[in-house]
Amino acid sequence: AQSVAQPEDQVNVAEGNPLTVKCTYSVSGNPYLFWYVQYPNRGLQFLLKYITGDNLVKGSYGFEAEFNKSQTSFHLKKPSALVSDSALYFCAVRGRATDKLIFGTGTRLQVFP
Amino acid sequence: DTGVSQDPRHKITKRGQNVTFRCDPISEHNRLYWYRQTLGQGPEFLTYFQNEAQLEKSRLLSDRFSAERPKGSFSTLEIQRTEQGDSAMYLCASSPQSGGQETQYFGPGTRLLVL
Numbered sequence: 834a835q836s837v838a839q840p841e842d843q844v845n846v847a848e849g850n851p852l853t854v855k856c857t858y859s860v861s862g863n864p865y866l867f868w869y870v871q872y873p874n875r876g877l878q879f880l881l882k883y884i885t886g887d888n889l890v891k892g893s894y895g896f897e898a899e900f901n902k903s904q905t906s907f908h909l910k911k912p913s914a915l916v917s918d919s920a921l922y923f924c925a926v927r928g929r930a931t932d933k934l935i936f937g938t939g940t941r942l943q944v945f946p
Numbered sequence: 060d061t062g063v064s065q066d067p068r069h070k071i072t073k074r075g076q077n078v079t080f081r082c083d084p085i086s087e088h089n090r091l092y093w094y095r096q097t098l099g100q101g102p103e104f105l106t107y108f109q110n111e112a113q114l115e116k117s118r119l120l121s122d123r124f125s126a127e128r129p130k131g132s133f134s135t136l137e138i139q140r141t142e143q144g145d146s147a148m149y150l151c152a153s154s155p156q157s158g159g160q161e162t163q164y165f166g167p168g169t170r171l172l173v174l
């Protein structure tokens, strides 16, 4: 069965510092991996995805994520956090035999000025 | 704005009433998905369509739930005899025909509160 784990309910970081939001996954075969961000009372906004190829994926708003097959991880990173990055972040996985996304429980990122 | 739209954005209803939500996908997208998100959780898959064909339904989709996409464009999700446990955010997403790697783009959601 496919699953996604986001081990941290909340991540706190000071503005200007690097941030990491963790995600590990379980899926049969090679996965498609996604990161979405959700602002209050809004839908999910796509940030980036890993399909194949380069393990470092760059996305919107300066975010990037690193696919690590041996550790089955897909951590979201940003070199310098902004207060406006404060939101709820979801990691999602999709196996190659299905079209539905399986989401983690989300990590709330709080960036302090 | 050419993104996914959902209507209404908010719905308050009494237990036992029927509700219907609408989703308009991005115009060139032929895949449409419904998810449900409860407080403190990630979205959970409910069902999806390719054009007008409903290709997969989750076990979460009880017989009180029905989804349609009659002309392969907009979709409706109906909940009959609502229960308090149906209170959630209902999210719609669309994507181009999938080779698997296509991104699903989400609408703003419909927040349902069942009293």
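Quick mapping for you: the protein sequence lines, in order, are chains B and F.
Sequential numbering of the first sequence, starting at 834, is according to this note's numbering.
Sequential numbering of the second sequence, starting at 60, is according to this note's numbering.
Glycine included, each C-beta is placed from N, C-alpha and C at the ideal position.
Taking only three categories from DSSP, how would you classify residue i?
i: B:V926; result: strand
i: F:Y107; result: strand
i: F:V78; result: strand
i: B:S859; result: strand
i: F:Q100; result: coil
i: B:Y872; result: coil
i: B:S893; result: helix
Would residue i pass as an interface residue toward chain F - the criterion being a Cβ-Cβ separation below 8 Å?
i: B:K882; result: yes
i: B:K933; result: yes
i: B:F923; result: yes
i: B:G876; result: yes
What residues of chain F sit near residue i, judged by a beta carbon separation below 8 Å?
i: B:Y894; result: Within 8 Å Cβ-Cβ: nothing; B:Y894 doesn't reach chain F, min ~16 Å.
Using the beta-carbon of each residue, which ones in chain C are nearer than 9 Å to residue i?
i: F:T162; result: Looking for chain C here will not work: the only protein chains present are B and F.
Can you give the Cα-Cα distance for residue i and residue j, rounded to whole angstroms?
i: F:Y149; j: B:P946; result: 33 Å
i: F:Y94; j: B:K891; result: 26 Å
i: B:T905; j: B:S861; result: 11 Å
i: F:F104; j: B:E848; result: 35 Å
i: B:G886; j: F:T79; result: 42 Å
i: F:T169; j: B:A914; result: 30 Å
i: B:L934; j: B:K882; result: 12 Å
Along chain F, in chain order, which residues have C-beta atoms closer than 7 Å to that of residue i?
i: B:G937; result: G101
i: B:G862; result: What B:G862 touches in chain F: nothing, since even the nearest Cβ is about 11 Å away.
What residues of chain B sit near residue i, judged by a beta carbon separation below 8 Å?
i: F:G131; result: What F:G131 touches in chain B: nothing, since even the nearest Cβ is about 16 Å away.
Spell out whether any CB of chain B is found under 8 Å from the CB atom of residue i.
i: F:E115; result: yes
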